[in-house]
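Here the sequence shown stands for residues 2 to 488, numbered as in our numbering.
In this text, a Cβ means the ideal position worked out from N, Cα and C, and glycines have one as well.
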Amino acid sequence: MTLTPSSEQSDSAVAVVAAANHIDDKPYHSKRPHKKSRTGCRNCKARKVKCDESRPVCRNCMLRKADCVFPGPFHPHSEPGPGSPSGSSAASAVSPSRSRSHTPQGSRGSIEDDYNALVLREPLYIPAGERDATDMKLLWFYTTNTFASFATQAGRVKRVDDILKIKIPSHAFESPFLMDCLLGTSALQLQHLKQDIAPSRALRYRARAFEGYRKAIEEGKPETFPALIATSLLLTALSSQMFREEGTKDLYIIDWMIVWRGIGLMIDMATPQTLWDSGLADLFVRPPINLDEAAKHIPNNLLFMISSIRPGDPDYDHISTYYDTLKYLGSLYAALAHGFNPVMTLRVVTWFTFIPKAFVELGRQKRPRALVILAHYLMFIKIAQNLWWIEGIGDREIDGIVRHLGEDWYEELAAPRLALLLDDRVDIARLILADPDWDSPVDVFKAPLHDARTEMLTWVDDSGKRYKGMPQPCYAETAHLGSWLWK
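So this is what it looks like as C-alpha cells:
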C-alpha cells in the first residue's frame with residue numbers, strides 16, 4: 002500500500018523534519034527522486050510524510066505522541082496458491098488504496114474499514130530485555146506442541162486450538178506473568194522429553210509466573226482478566242513439576258488442590274458475561290454430573306467410614322461435606338464403568354474443580370478421612386491418559402498418604418495401597434471397580450475421532466448442572482482438557 006508521490010507530500014516531510022530537529026528556515030530545494038517507503042506506519046501515510054519505520058514507535062509518532070500503527074505484512078505481487086482466493090479477489094483484499102482514486106467519496110468509509118483490517122497493532126508488552134533465543138524457541142514449542150497438552154484427542158476443535166495457540170500467546174505479550182507461564186510449561190515438557198533444558202531456567206519461569214500472577218490479582222485491573230484466567234489454568238500444569246522435584250514436601254497434593262481451586266476464585270471475580278467477552282469461554286466447559294446417580298457408585302467402605310462418625314468426633318460437624326465429596330468421587334466410578342475415553346479423562350482432571358470448598362479446608366488440616374478420600378481419587382490419576390504433566394503424581398501421593406496415616410488406616414487404604422503395586426491401566430481399573438474380569442468397552446486408540454459423549458460438554462455449576470447464564474456450546478467434534486469450567 003503506497004501513496005502517489007507529490008510535491009505537497011515532500012513539503013510536509015521537510016516541514017516535519019525541520020520542526021523535529023529545530024533547524025533554521027531555509028529555502029526549499031526539491032530532492033532527487035528516491036524510493037518511497039511501502040511499510041511505513043499508518044499515521045505517516047495519512048499525513049503523507051516519510052516514516053523512518055522504527056518499531057514499535059516511529060520518530061514522527063514519538064514526537065507527536067501519537068499511536069503508532071503499522072500495516073500487516075502482505076505480498077501484492079505474489080501469485081495465489083492452489084488454495085488461495087482468485088487473483089482479483091486477493092488484489093482487492095490487500096490493495097484498497099490502489100482503487101482509492103476510482104472510489105466515490107461516499108464509499109471511503111468501507112475502504113477505511115478494509116484498510117483497518119490489514120493493520121497490526123504493536124503489543125503493549127514486548128518481552129523483557131533478558132529474553133533470549135531459548136525463550137523464543139520455547140514459545141514456538143508451545144504453539145506447536147505444548148498447547149496440545151490440554152487436549153484429550155489428536156483431532157481437535159479448531160476454535161479451542163486457536164484460543165490456546167493464538168489468543169493466549171497474544172495476551173502473554175501484554176502480561177509478563179502469562180508469558181513466563183507459557184515458557185515454563187514448554188520447558189517442563191521438553192524436560193519430560195529428555196531434552197537439554199536447564200532446571201534453573203524452568204524454575205525461574207515458574208517463580209516469576211507465580212509472583213507476577215499474585216501481584217496482578219492484588220492490582221485487580223480489569224484489562225488483565227483474560228491473562229489472569231489463562232494463567233490460572235496453565236499454572237495447574239506448571240505447578241505439577243513440584244511432584245517430581247527433590248525436596249518437595251510430603252502431601253503436596255493438598256497444595257495442588259488449592260491451585261486448582263484458584264481457577265474458580267478467578268472466575269468468581271468476574272461475571273459470566275465478562276468471561277464470554279474475554280474470548281476464552283470455550284476453554285471452560287466440563288461434563289455435567291448426575292449426583293443422585295453418582296451416589297449409587299460410592300464404594301461401601303468409604304460410605305461406612307463416614308456413616309460411622311459419632312458425636313464428639315472432630316469430623317462430626319463435617320459429615321455432610323464428606324458425603325457431598327463422595328458423590329463427586331462416585332461420578333468417577335460410574336464413568337469408569339463405561340471404559341477409557343476422553344470424557345473420562347476430563348472428569349478425572351476436573352474433579353478438584355467440583356469438590357466443596359469446605360473439603361479443601363479439611364484437606365489442608367490433613368484430616369485422616371479427607372486424606373483417605375484423596376488417596377482413592379489418586380487411583381484415577383494413575384489411569385488418566387495422554388497427559389505428561391500428571392505422570393507419577395498418583396504413586397508419589399498415595400505413598401505419602403499411606404505413610405502419613407500409618408497402620409491405623411490401612412484397612413481404609415487397602416485399594417490405594419494395592420494400586421501402588423500396579424502399572425497397567427486395565428489392572429488398576431479392575432482394582433478400582435472390584436471386577437477382575439472388567440475390560441474397557443472402547444479402545445480409545447481405534448475408536449473414531451468423534452465421541453458422542455463430547456456433545457454433553459457445557460458450562461456447569463458446582464452441582465454438575467448446566468449453568469444457564471452462558472450460551473450452550475456445540476462440541477460435536479471432540480473433547481478438550483483445555484475445555485474446562487473451573488469453579
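(Q) With a threshold of 7 Å on Cβ separation, who are the neighbours of H298 within its own chain once the five nearest residues in sequence on each side are excluded? (A) G331, Y334, A335
- Message: Please tell me whether I164 and L337 are closer than 7 Å, where the distance is taken between their beta carbons.
- Response: no
For D428, report the span of its alpha helix (DSSP H) as first-last. For D428, the enclosing alpha helix (DSSP H) starts and ends at 426 to 434.
Contact under 7 Å by Cβ, C490 with F71:
No answer is possible for residue 490: it lies beyond the span of the chain, which begins at 2 and ends at 488.
- Query: Looking at the structure shown, is E392 part of a helix, part of a strand, or coil, going by DSSP?
  - Reply: E392 falls in the coil class under three-state DSSP.
key: Nearest-angstrom Cα separation, counted from A188 out to I198   = 7 Å
In or out: K367 buried (at least 16 other Cβ within 10 Å) or exposed? Burial check for K367: the Cβ neighbour count within 10 Å stays below 16, so the residue is exposed.
**Asked** Span of the alpha helix (DSSP H) holding V373?
**Response** Note, V373: alpha helix (DSSP H), 369 to 384.
Let me check understanding here. Comparing Cα to Cα, which of I230, S240, I218, L292 lies closest to W277?
I230
Quiz item: Should L379 and G395 be called a contact, given that it needs their Cβ atoms to be closer than 7 Å?
Solution: yes
Would you list, in sequence order, the uninterrupted alpha helix (DSSP H) runs of no fewer than 4 residues that lie entirely inside the segment 168 to 232?
169 to 173, 177 to 193, 200 to 220
Report yes or no: do three or more beta-carbon pairs, one from the segment 241 to 254 and one from the segment 212 to 225, lie closer than 8 Å?
no
Assuming Q192 contacts A210 (C-beta within less than 8 Å), just tell me the rounded distance between them.
Taking a contact as a CB-CB distance under 8 Å, the pair Q192 and A210 does not count as one, their CB atoms being some 16 Å apart.
What is the residue span of the alpha helix (DSSP H) that A295 lies within? 292 to 296
So, L292 versus K250, is the Cβ gap smaller than 7 Å?
no
For K358, tell me which candidate among K216, G213, Y411, I255 has the shortest Cα-Cα distance.
I255
What separation, rounded to the nearest whole angstrom, lies between the Cα atoms of S55 and W141? 25 Å
M267 versus S233: straight-line alpha-carbon distance, rounded | 8 Å
Note to self: Please classify I167 as buried or exposed, where buried requires at least 16 neighbouring CB atoms within 10 angstroms.
What the structure shows: I167 should be labelled exposed.
* CB-CB under 6 Å to A376, same chain, minus the five flanking residues each way: which ones, in chain order? -> Excluding sequence neighbours, A376 sits near I399, I402, L414, P417.
Q.
In whole angstroms, give me the CA-to-CA distance for D438 and I307.
A. 29 Å
Helix, strand or coil for R397 per DSSP? helix
Next on the checklist: Cutting at 6 Å between CB atoms, please list the residues of its own chain near A47, excluding the five before and the five after it.
Outcome noted: none
*Nearest to E1 by alpha carbon, out of H172, T40, D325?*
In this structure the chain extends from 2 to 488, so residue 1 is not present and cannot be described.
Does the separation of the CB atoms of T145 and Q190 fall below 7 Å? no
- request: Would you mind working out which of Q386, T237, N342 sits nearest G263, comparing C-alpha positions?
  value: T237
Fill in: Local conformation of T249 per DSSP, three classes
coil
Alpha helix (DSSP H) containing N61: first to last residue?
60 to 65
message: Using a 10 Å radius around the Cβ and a threshold of 16 neighbouring Cβ atoms, would you call S309 buried or exposed?
response: Answer is exposed; the Cβ neighbour count stays below 16.
task = Could you name the residues of the same chain whose beta carbon sits closer than 7 Å to that of T275, not counting the 5 residues immediately before and after it, in chain order?
result = F226
In terms of residues, what are the limits of the alpha helix (DSSP H) holding K358? 358 to 365
Worksheet entry | Cα-Cα separation, R431 to L252 | 26 Å
- Between the CA atoms of R311 and D318 - distance to the nearest angstrom: 10 Å
Worksheet item: Is the beta carbon of L406 sitting closer than 7 Å to the one on P442?
Response: no
**Q.** Boundaries of the alpha helix (DSSP H) in which K138 is found, first to last residue
**A.** It spans 134 to 145 - the alpha helix (DSSP H) in which K138 sits, taken as one unbroken run.
- Taking the Cβ atom as the reference point for each residue, do I384 and R426 lie within a distance shorter than 7 Å? Taking 7 Å as the Cβ cut-off, I384 and R426 qualify as a contacting pair.
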